[in-house]
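In our numbering, the protein residues as written are 2 to 161. Positions of the beta carbon are idealized from the N, C-alpha and C atoms, including for glycine.
Here it is, written out as structure tokens:
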């Protein structure tokens, strides 16, 4: 089984989430996982002014995802920072190039999930994930989420 973790991360937070997701996937026998990033759309000078150049530099060796790779995966975990309660523009722009996959039904029946990070505790995590699900559903993907039976999400000890 081929698993793909596709993410965008300006400051490195979603990159760390993507790495953790890939690490979890690697613990499953017979599953091959690859991490890919989506292309940056902001000019370098804007990245520098935002103070994100260091984090961007740390991710420079992560290959950029191609639409073909997306179609070849059996399952995909997407990672995006929240932008006003939605996925970031870089991810949206990448997904807008997947029309051929949609026309061919290349993602129909494949598992898809979303991870996100925000600047604040109530920064729109749920709305970002839910709005991302619309794209996955249009592609015919089967949405995989974390059930409430997972006790690890019931603690507050990591919130400071």
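Please name the residue in the options whose C-alpha comes closest to that of residue i.
i, options, result
"residue 3", "91, 29, 20, 12", "29"
"residue 34", "120, 133, 94, 78", "78"
"residue 127", "137, 51, 83, 65", "83"
"residue 175", "67, 44, 7, 157", "Given that the chain is displayed from residue 2 to residue 161, the structure contains no residue 175 and the question cannot be resolved."
"residue 46", "27, 17, 55", "55"
"residue 93", "38, 60, 48, 25", "38"
"residue 120", "111, 14, 151, 149", "14"
"residue 59", "135, 75, 9, 32", "9"
"residue 111", "62, 43, 74", "74"
"residue 44", "132, 137, 11", "11"
Quickly, what does DSSP pair residue i with across the bridge? List them, please.
i, result
"residue 82", "118"
"residue 87", "84"
"residue 33", "3"
"residue 141", "The partner list for residue 141 (beta bridge, DSSP) is empty, contrary to what the question assumes."
Do you know how far the Cα of residue j is from the Cα of residue i?
i, j, result
"residue 52", "residue 68", "29 Å"
"residue 1", "residue 145", "Because the chain here runs from 2 to 161, residue 1 falls outside it and cannot be looked at."
"residue 142", "residue 17", "25 Å"
"residue 95", "residue 151", "31 Å"
"residue 116", "residue 106", "24 Å"
"residue 104", "residue 85", "29 Å"
If I follow the unbroken alpha helix (DSSP H) through residue i, where does it start and stop?
i, result
"residue 22", "14-27"
Over what stretch of residues does the beta strand (DSSP E) that includes residue i continue unbroken?
i, result
"residue 4", "3-8"
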